[in-house]
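Visitor: The sequence shown begins at 4 in our numbering and counts up by one.
Ideal Cβ placement from N, Cα and C applies to all residues, glycine included.
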Amino acid sequence: MHVRRLLALSLAVPLLLAGCSDEPKPTPKMPESTSSSPTTEPTEAETPEAESPEDFIRRWQAAALSAQNQGDTSEYRALGPRCKPCSDFADQVDRIYDEGGSVVLTSLDVISVAPAPGAEQFRLTRVLGKTKVLDSQGEQQQAFAGGREVLNVFLEQVRGKWRVQNFLRTKA
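Below you can see the structure in the form of structure tokens.
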């Protein structure tokens with residue numbers, strides 16, 4: 004019987020010691036990806052990052068430049084549908100183009116957009132280029148030298164999207 008115990012002990016000790024080893028247990032190897040480059044297209048589960056107020060104001064100014072030079076105020080109006088000075092500006096541009104005239108604004112550069120005191124209020128500093136208002140024969144009716152201008156822009160969020168609520172010209 005002594006031989007049987009010795010034999011059983013000699014078989015059990017290596018098995019017990021194998022379980023107490025300091026070596027890490029082997030982990031299954033993961034299959035390598037078949038694609039060599041990461042995918043850059045967003046999936047349906049990803050949501051696009053919300054537009055910042057600063058980016059929205061820059062887009063609003065780009066729409067103002069386009070409205071004047073192209074005569075289509077629809078995008079500009081959509082960015083501030085309840086904004087009275089926005090509507091007044093767009094109406095003026097529409098009148099010029101409806102009468103066969105045009106507007107030539109050489110540039111509109113946004114210098115800075117910074118939060119201002121007050122809820123959803125921003126201080127916009129921009130530089131307007133020279134502006135000409137032409138009649139239907141291409142004759143200049145008005146001209147503006149342009150220059151630096153500062154606006155206080157009041158925004159609101161409607162269904163998660165920014166809209167211009169109002170703007171006021173201020174002293175620089």
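(1) Under a three-way DSSP split, which group does K174 fall into?
(2) Starting from P118, follow the beta strand (DSSP E) in both directions and report where the run begins and ends.
(3) Assuming the contact rule is C-beta atoms closer than 8 angstroms, P216 and N169 should be a hit. Round their C-beta distance to whole Å, please.
(4) Could you give the DSSP three-state label for E123: helix, strand or coil?
(5) I need the straight-line Cα distance from R151 to N72, nearest angstrom please.
(6) For L82, name the three-state secondary structure that DSSP assigns.
(7) Less than 8 angstroms between C-beta atoms, sequence neighbours within five positions excluded: which residues of the same chain meet that for G104?
(8) Between which two residues does the beta strand (DSSP E) containing A151 stretch?
(9) Tell me the DSSP secondary structure of S69 in three-state form.
Guide: In brief:
(1) coil
(2) 111 to 118
(3) For the chain, the structure presents residues 4 to 175; residue 216 sits outside this window and is missing.
(4) coil
(5) Going by the C-alpha atoms only, they are around 19 angstroms apart.
(6) coil
(7) V136, L137, D138, S139, Q144
(8) Correcting the residue type first, residue 151 is Arg in the shown sequence and not Ala. It spans 150 to 161 - the beta strand (DSSP E) in which R151 sits, taken as one unbroken run.
(9) S69 sits in a helix when the DSSP states are folded into three classes.
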